[in-house]
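Take a look at the structure set out below.
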Ligand SMILES: [Zn+2]
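Numbering (the numbering used here), first residue to last: 38 to 270.
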């Protein structure tokens, strides 16, 4: 079976990440990879663990245009939360263009994957939870990464789903204005980490580096362990 390079790389980053307990302890996560022509995004399906993704299962291929169009849709913005989240799931399914069984859902976090770089790894590791759940976490992260040419983007807490996607659209836009590129590192308050890079290898390297840097530094004094069940994967 010949499979697209983006899918092959997605399976690799998912399996490698999913088997690394330092990365997934604290509760799963999701991954994605965009095709070279910029038309499609392969993304982890919800309900499959990262380590179990294979050429046959655990992913969907989505048309990026359809995913991104939802964010500019004023009608969705006006809908009541419950109805909106149902409508979003329906439209995310419509954006899937592949031969996978119809009942398999793409990650509900597909929107922020679509907005970021080519390879995206999103996790909820304990080492990150210690910072994003602490009052002083933001300051400490800023201090820790102050030597980086492109600083991480901090996203203040917002309800997951559409609200978070809208907020990220604004913040990523502002980051791009300021730095001339998309953020490689995103910290979501009370939620987790997103890493993105132009190659699969670079995304793996970056995620390991961030976790190692965070684990090697002193955790904020007031950190609390988050409940992994809170987050979709
Ligand atoms: Zn998440």
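Don't be surprised by glycine CBs; every beta carbon is placed ideally from N, CA and C.
- The beta carbon of residue 198 sits no closer than 6 angstroms to any heavy atom of ligand 1.
- Look at the beta carbons and you see the region 200-210 not touching the region 135-142: under three pairs across the two are nearer than 8 angstroms.
- Taking C-beta atoms under 8 angstroms as the contact rule, residue 131 and residue 103 qualify, at a distance of about 7 angstroms.
- Between residue 149 and residue 189, the C-beta gap is not smaller than 7 angstroms, which leaves the two residues out of contact.
- With respect to the C-alpha of residue 41, the residue from 82, 121, 135 having the closest C-alpha is 135.
- Taken from the Cβ of residue 229, at least one heavy atom of ligand 1 lies inside 6 angstroms.
- Apart from the 5 residues on each side of it in sequence, residue 51 sits with its Cβ closer than 7 angstroms to the Cβ of 68, 81, 87, 90 in its chain, given in chain order.
- DSSP lists no beta-bridge partner residue for residue 40.
- As computed with DSSP, residue 159 is found in a beta bridge with 67, 231.
- Inclusion of residue 144 and residue 83 in the CB contact set at 7 angstroms is warranted, their separation being smaller than that value.
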